[in-house]
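Trainee: Under numbering that gives the first Met the number 0, the letters of the sequence shown match residues 0 to 1238, in that order.
All C-beta atoms, glycine included, are put in the ideal place defined by N, C-alpha and C.
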Amino acid sequence: MSQTRPQNTALSAISTPLTSTTLIEASAGTGKTFTMASLYLRLLLKVGENNFSRPLMVDEILVVTFTEASTQELKARIRQRIQKAKAQFIAYRNHPDLNIFLDTENEFLVKSENGVTDRYLRNLDLDESIQRLQFAEQNMDLAAIYTIHGFCRRMLMQYAVNSGIHFNLELIKDESALLIKLTNALWREYFYSQSLLVTQFIAKHLQSPANLLARVQSYLTGKNLKVDQNQPHLFDISLTEFLETNIASNQEKLASFLQALKEQWQVNFPEFSPLFLNEFEKGKTMGLSGNKFKQEFYESRVAQIENWVNDLQLNMPPDALWFFTQSYLNGSFKKGNEPFQHSFFHWLDEQKALVSEVSEQDLLYQNVLLYHCVRELNQRLIEYKQNHPEKGFNDLLRLLNSALHTEQGSKLADFIRQQYPFAMIDEFQDTDEEQYQIFSCIYVSQADCGFMMIGDPKQAIYQFRGADIFTYLKAADDAKEQRFTLTKNYRSTPSLINAVNQLLDFDSAFLYEKIQFESVESGKNQPHFELNGQRQPPLQFYVSDKDKINADDMAECCAESILTWLQSAAENNAVFTDGNHKRTVQSDDIAVLVRSGTQAEKVQKALRKRGIASVYLSDRSNVFDSIEAKELALVLTACLYPNNERHILNAISTGLFALTATEIQQVKRSEELLERWGNRFEKYRQVWQYQGVLPMIYQLLLEQDNITGEKTIPEKILALPKGERRLTDLLHLAELLQQAAPLQESEATLLRWFERQVQGTEIDRVDGVQVRLESEQKLVKIVTIHKSKGLEYSLVWLPFLGYNGKDFARDVTTYHSSNGEKYWDIYTRHQSEADEEEFAESMRVLYVALTRAKHQLSIIVPTEFEDKWNALLYVLTQGEIGKNKKLGGKQRGHFLVTALAACLGNEYCQILPIKQAENTAVLEQTEKQTLLNAAEFVGNIEQNWEISSFTSLNRMHERQLYRLREQENLKTTVLIDEARDYDLSEQTEFMPSSTSSSSVIWPNFSMERTPFDFPTGTQFGLVIHHFFEKHDFTQRVSQESAVEICHNLQLDESWQQPMKQWLQNVLDAPLGMGLALSDLRPENCLKELQFYLKFNRTFDVKRFNQLLRDYHPLFVQPYLFDEIQGMLRGFIDLVFRHNGQYYLLDYKTNMLGTQMENYQNDTLNVTMQKHHYDLQYLIYTVALHRYLKIRDPNYTYGSHFSGVIYTFLRGMNGEERNGVYFECPDERLIQALETLFYA
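1) Tell me, please, whether the segment 859-869 touches the segment 500-520 by the rule of three or more beta-carbon pairs shorter than 8 angstroms.
2) Using the C-alpha atoms, what's the distance from His-785 back to Ala-660?
3) With a threshold of 8 angstroms, are at least 3 pairs of Cβ atoms found where one atom belongs to the segment 498-505 and the other to the segment 460-469?
4) From Glu-977 to His-1170, what does the alpha carbon distance come to, in whole angstroms?
5) Looking only at its chain, what residues have a beta carbon closer than 6 angstroms to the beta carbon of Leu-693, apart from the 5 residues adjacent to it on each side?
6) Give me the residue from Glu-644, Thr-727, Thr-653, Glu-746 with the minimum Cα distance to Gly-691.
7) Compare the Cα-Cα distances from Ser-857 to each of Tyr-419, Cys-556, Lys-547, Phe-1094 and report the closest residue.
8) Per DSSP, which one or two residues make a beta bridge with Lys-867?
9) Please return the same chain residues whose Cβ sits closer than 7 angstroms to the Cβ of Leu-97, not counting the five positions on each side in sequence.
10) By DSSP, does Leu-398 sit in helix, in strand, or in coil?
11) Going by DSSP, which residues form a beta bridge with Pro-912?
12) Note down the Cα distance separating Pro-95 from Leu-42, rounded to an integer number of angstroms.
13) Can you check whether the CB of Tyr-364 is closer than 9 angstroms to the CB of Arg-234?
14) Counting pairs of beta carbons, one from the segment 53-61 and one from the segment 477-486, are three or more of them closer than 8 angstroms?
15) Exposed or buried, Asn-524, counting other C-beta atoms within 10 Å across all chains shown (16 or more means buried)?
16) My output table needs one value for Cys-1223: the three-state DSSP class, helix, strand or coil.
17) With 16 as the cutoff for other CB atoms within 10 Å, does Asp-1191 come out buried or exposed?
18) Taking the CB atoms as reference points, tell me whether Asn-336 and Leu-287 lie closer together than 9 angstroms.
19) Are there 16 or more other CB atoms within 10 angstroms of the CB of Phe-894, so buried, or fewer, so exposed?
20) Please classify Leu-1232: is it buried, with 16 or more other beta-carbons within 10 angstroms of its beta-carbon, or exposed?
21) Please classify Ala-9: is it buried, with 16 or more other beta-carbons within 10 angstroms of its beta-carbon, or exposed?
22) So what does DSSP say about Asp-1132, is it helix, strand or coil?
23) Evaluate Gln-385 with the Cβ neighbour count: other Cβ atoms within 10 Å of its Cβ, from every protein chain shown; 16 or more gives buried, anything less gives exposed.
24) Nearest CA to the CA of Leu-579: which residue from Thr-563, His-527, Asp-551?
25) With a 10 Å radius around its C-beta and 16 neighbouring C-beta atoms as the bar for buried, classify Phe-864 as buried or exposed.
26) Taking the beta carbon of Phe-150 as the centre, do at least 16 other beta carbons fall within 10 Å, making it buried, or is it exposed?
27) Which of helix, strand or coil does DSSP assign to Ala-9?
28) Please tell me whether Met-423 and Tyr-39 are closer than 9 angstroms, where the distance is taken between their beta carbons.
29) Which residues in the same chain as Glu-1222 place their Cβ atom closer than 6 angstroms to its Cβ, once the five residues preceding and following it in sequence are excluded?
30) Excluding the 5 residues flanking Phe-1130 on each side, which residues of the same chain have their C-beta closer than 6 angstroms to its C-beta?
31) Taking the alpha-carbon positions, what's the Val-860 to Leu-849 distance?
32) Using a threshold of 9 angstroms, state whether the C-beta atoms of Val-779 and Arg-851 are closer than that.
33) In or out: Asp-1173 buried (at least 16 other Cβ within 10 Å) or exposed?
34) If you count every other CB in all the chains shown that lies within 10 Å of the CB of Glu-433, and 16 or more means buried, which is it?
35) Which residue spans inside the segment 104-133 form an unbroken alpha helix (DSSP H) run of at least 4?
36) Below 9 angstroms between beta carbons: does that hold for Asn-1164 and Ala-1068?
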């Protein structure tokens, strides 16, 4: 890849070309979002120079970014600019004065290189422009501002025919459950049957399915990484062949080699061990050097070797073995003493080199095994998704990119380009190869369109998420000479801007020549930071006089500095001022930027010691991993089983009740106390069962302890360290339990679900489990550098920049070739390239950290940098340390900072010592805490008012029956179905019926497949219902309809003809009265009639059951409902009129069996009762009766309503009454039910 690049041109918002491929590089703080909004206005109005060919509408301007939050921010900012511009244009039309625009966001409309001008406005029709802005403002909800994944999904759905994608694409946010399933299947199929030697290799390197998935998950994208291979025989074979041939053979050789080593040790050790023992007896006069071969060293080494010799695993020898090589022993004797000589020592020298070769081979085979696992898992992932509607976020990109590169791809690109003739891609430095291929295919080198990439390569810090800086650099090349840059920083003070400019303005600051640092100017004057009357420099470096400081020391220094600021602020001596106005520093002006949660915890701990409250804004922990989750599980168990002593003691031992060990022991010994605790948990159990889990937890939290007489649980928790965090987690868990409760059958199953979440064994993940922000008060912010990108803070602390931390081995090392393609470095021959990419990203992370502050940066520099590459060290040496991971010597931090300060000057830089405080001071809280009293609500809220449905009534009945059974220990079981129109089970395999002959059951059905062979499940029911809702019954079923239905059900072509014939059979099947669906004209049909039945008072369940007992032929047992008020809602599939009579019809796709008798009268009566469909049709009939009374003045039930028809579609084979249930409810019952509902 070429390392030179064209120069960027300073961007002018009014004249930047809008009809080509353009790149805008926006350094930190230079107003990227502001510029995008300005360009958006130009596109709406066709104003300025180098314009688009015509004004565009908001739904024609595609704006793509990478997060939902960014899309909302962009939309809000653009809407605001449109509103402002509209108001200014109206004012200018009334009073043509250019000052209306000056010093506002839209002054670019009246400015050129030569100053203020009206020439751009002169070319506009003001009335038309105002209308355009008005229309744009009104239609901002239609604005095409999407995330990259949102855009791809929209295009795949909108152009499904061209993209070849399934219409019912189902997006899954978390693919973990699927990947676990696939990995477990791979592990079983490939590894279980292997030999002992091979399984030892697998166990050593992969350990478990979970460990394998953790190592390769980020590469399971459906695409395999390229490998620069020189041994194709290792890669061009299957995983099974590799295991059974290569690994098996290698393991056999390794076993023989290690066995020989062990045997030689066992044979020779008794011979040479006396040499050492005799030497040790000489004491101080021994010839061995004490620094290399003390007796305790010798004994420890021999013990390690003996453990290895006796180990049955094929592990490499410990390093202790090589202390017995002749070469090592030769250097282990004092001068004038003859080293020990033994043939084993010489032999071991030769074996050491062989062990190195064997280790390299072992590492290579480990990498190749990972490669085969990734390839196999990717293949399985693709195959699964080809046959299922579920798609992940990466699939949206892959599918759209693939569609654009098919035969239909150019047509698809034309459609998208016509829909969005102009596209702006925000944060383009975070793109990857697939994303760029999509937009390149649509826009680059195309006429009559515009494509703008906006980003900053210096802020490309998301490589771990798949972002690829090399793709950005290729895209920048495609922009050719159309490259622009924003030159003014509007975030920071001029002095801080200059300081950062000087820090980074050196050759190869970002390691790659194509990423150059370009100095920026100040865009506006900012107030400066003043402390105790002294103007503070923009850079502060803290250096310790200790030989070495650790991360804890750095956190303490940071906290002490913040304490000094806040103490001064309490006396109004820490302020931001421009000379005329002052603002006192607040806690939330301060941000501490860290790299990890561990560093954040150290800073929070140091701040807590000083009484300073803080909040960690980047905490992505799972709330189920918290201590509160484990403790709440114990409390819930005690609530569910209040008579179990062990469960009660476990619960009260948690931190929620905060009992001492003595108090717990007293409860254990006292039957009275134990009974009181049991009664308390029994009360909670009753609340749980009758009101729900959330009310129960709230009562538990807010109830004062009537046993110990102490505070409520929240009061106890808030008195603890991190109390606010713990209480937030507890309330969060209560919400998650409440959300999960309706999906669980009982309180016991809810508890089991919660325990699985806490244990991490639940495969189905829950949304919203990331811990929440514990406080929205004005606190010191702690945030990771990655999360801080795009944000700004007044005062920024960077305590850990000089701290390297631990090196973590990468499971998959990647690098980019000279042409920018990404490769897997399986042979570990490209470590230098991989290191360079890692260093370059570290520099970009450093740049982000250095550009967050508005007023001041505080940085700790270690006394002595470690002997390895560090981004801060690279800057302090102005790049002199080069690109080597090991530096070959340590660098003194104080010396480097002093030299830098001399260059920058005292105006820009200050060096302070890290002081070790003997007594930690605590910040005094000067703000008085205002005691708040909750306002008492004196109104009346109707607790039972709700919008119900037939399904919710069914559930209510089931719940009441369950409670009744539990209380009365009933032995009978009542099975209640939710009375759906389709089966609730998952979609079944498509298996032909073997219980009866198709020719007998379906005399008019010529296909081998019958309706009994069609799939079951929710999706099938929904698709068939949709067909009947949209179809004109008088028209024959078309081939196109059958194709679409089979496509939506993922059925292949062989199902299309049976589907078409079945649906036509249903339309032609007799319903009774000499009538079929195919006889119904559209004007006589009302489909999907929605209704609301209003209860004018509390529903009288007793009266309802009495009416059913008196007038309803299917009445079996009374319904059990809670007290309900409000409304009852539903949808009637079909209401039709025939010969002046009204009928109500409902479709059912349930699989009642594979015999036709399952769909005849006697069986259908049982089905209607079992699933409570009779309750459904009574509700529907009352609703229709009420509707017809309002709409038809001549309507009466007895004269005009003729009945209810329930069609069980699978049984409608053309024979009279097969699959058809008919009933006409008693007029007295319907009239009485209407009175009951509306009384």
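Mentor: Judging by the given coordinates:
1) no
2) As a first step, residue 660 is located in the sequence shown; it is residue number 661 there, counting from the start. As a first step, residue 785 is located in the sequence shown; it is residue number 786 there, counting from the start. Distance between the alpha carbons of Ala-660 and His-785: 44 angstroms.
3) no
4) For the purposes of this step, residue 977 is taken as residue 978 along the sequence shown, with counting starting at 1. For the purposes of this step, residue 1170 is taken as residue 1171 along the sequence shown, with counting starting at 1. Since pLDDT at Glu-977 reaches only 38, below the 50 mark, its modelled position is unreliable, and the value read off the structure follows with that caveat. When rounded, the distance between both Cα atoms is 7 angstroms.
5) The residue given as residue 693 occupies position 694 in the sequence shown. Around Leu-693: Ala-733, Gln-737.
6) Indexing the sequence shown from 1 puts residue 691 at position 692. Comparing Cα positions, the closest option is Glu-746.
7) Residue numbering aside, residue 857 sits at position 858 when the sequence shown is read from its first letter. That would be Cys-556, whose Cα lies nearest to the Cα of Ser-857.
8) In the sequence shown, counting from the first residue as 1, residue 867 sits at position 868. Answer is Lys-885.
9) As a first step, residue 97 is located in the sequence shown; it is residue number 98 there, counting from the start. The answer, listed in chain order, is Val-109, Val-115, Asp-117.
10) Stepping through the sequence shown from its first residue, residue 398 is reached at position 399. If DSSP states are grouped into helix, strand and coil, Leu-398 belongs with the helices.
11) Residue 912 sits at position 913 when you count from the first residue of the sequence shown. Looking at the DSSP assignment, Pro-912 forms a beta bridge with Val-542.
12) Within the sequence shown, numbered from 1, the residue matching residue 95 stands at position 96. Within the sequence shown, numbered from 1, the residue matching residue 42 stands at position 43. Cα to Cα, Pro-95 sits roughly 23 angstroms from Leu-42.
13) Residue 234 sits at position 235 when you count from the first residue of the sequence shown. Residue 364 sits at position 365 when you count from the first residue of the sequence shown. First, the residue type needs correcting, since residue 234 is Phe and not Arg in the sequence shown. Their beta carbons are not under 9 angstroms apart, which means Phe-234 does not touch Tyr-364 by this criterion.
14) no
15) Taking the sequence shown and counting its residues from 1, the one referred to as residue 524 is at position 525. By the neighbour-count rule (16 or more Cβ atoms within 10 Å), Asn-524 is not buried but exposed.
16) Numbered from 1 along the sequence shown, position 1224 holds the residue referred to as residue 1223. Correct three-state label for Cys-1223: coil.
17) On the sequence shown, position 1192 is the one that residue 1191 refers to. So Asp-1191 counts as exposed.
18) On the sequence shown, position 337 is the one that residue 336 refers to. On the sequence shown, position 288 is the one that residue 287 refers to. Yes.
19) The residue labelled residue 894 in the question sits at position 895 within the sequence shown. Exposed, because fewer than 16 other Cβ atoms sit within 10 Å of the Cβ of Phe-894.
20) In the sequence shown, counting from the first residue as 1, residue 1232 sits at position 1233. Leu-1232 should be labelled buried.
21) Taking the sequence shown and counting its residues from 1, one reaches residue 9 at position 10. Exposed: under 16 other Cβ atoms inside 10 Å.
22) Residue 1132 sits at position 1133 when you count from the first residue of the sequence shown. Strand, per DSSP.
23) As a position in the sequence shown, residue 385 is number 386, starting the count at 1. Exposed, by the Cβ-count rule.
24) Within the sequence shown, numbered from 1, the residue matching residue 579 stands at position 580. Position check: residue 579 holds Asn in this sequence, whereas Leu was assumed. Of the candidates Thr-563, His-527, Asp-551, the one whose C-alpha sits nearest the C-alpha of Asn-579 is His-527.
25) Against the sequence shown, residue 864 aligns to sequence position 865. Phe-864 comes out buried.
26) The residue given as residue 150 occupies position 151 in the sequence shown. It counts as buried.
27) Position 10 of the sequence shown, counted from the first residue, corresponds to residue 9. Reduced to three states, the DSSP call for Ala-9 is strand.
28) Translated into the one-based positions of the sequence shown, residue 423 becomes position 424. Translated into the one-based positions of the sequence shown, residue 39 becomes position 40. It is a contact, given that the beta carbons lie within the stated cut-off.
29) Within the sequence shown, numbered from 1, the residue matching residue 1222 stands at position 1223. The residues are Val-1203.
30) Here residue 1130 refers to the residue found at position 1131 when the sequence shown is read from its first residue. Glu-1087, Gln-1089.
31) Position 861 of the sequence shown, counted from the start, is the residue given in the question as residue 860. Position 850 of the sequence shown, counted from the start, is the residue given in the question as residue 849. Cα to Cα, Val-860 sits roughly 14 angstroms from Leu-849.
32) The count along the sequence shown starts at 1 and reaches residue 779 at position 780. The count along the sequence shown starts at 1 and reaches residue 851 at position 852. Cβ atoms of Val-779 and Arg-851: not closer than 9 angstroms.
33) Position 1174 of the sequence shown, counting from 1, holds the residue named residue 1173. Asp-1173 comes out buried.
34) Within the sequence shown, residue 433 is the residue found at index 434, counting from 1. Buried, since its Cβ has 16 or more Cβ neighbours within 10 Å.
35) 118-121
36) Here residue 1164 is taken as the residue at index 1165 of the sequence shown, counted from 1. Here residue 1068 is taken as the residue at index 1069 of the sequence shown, counted from 1. Contact: no.
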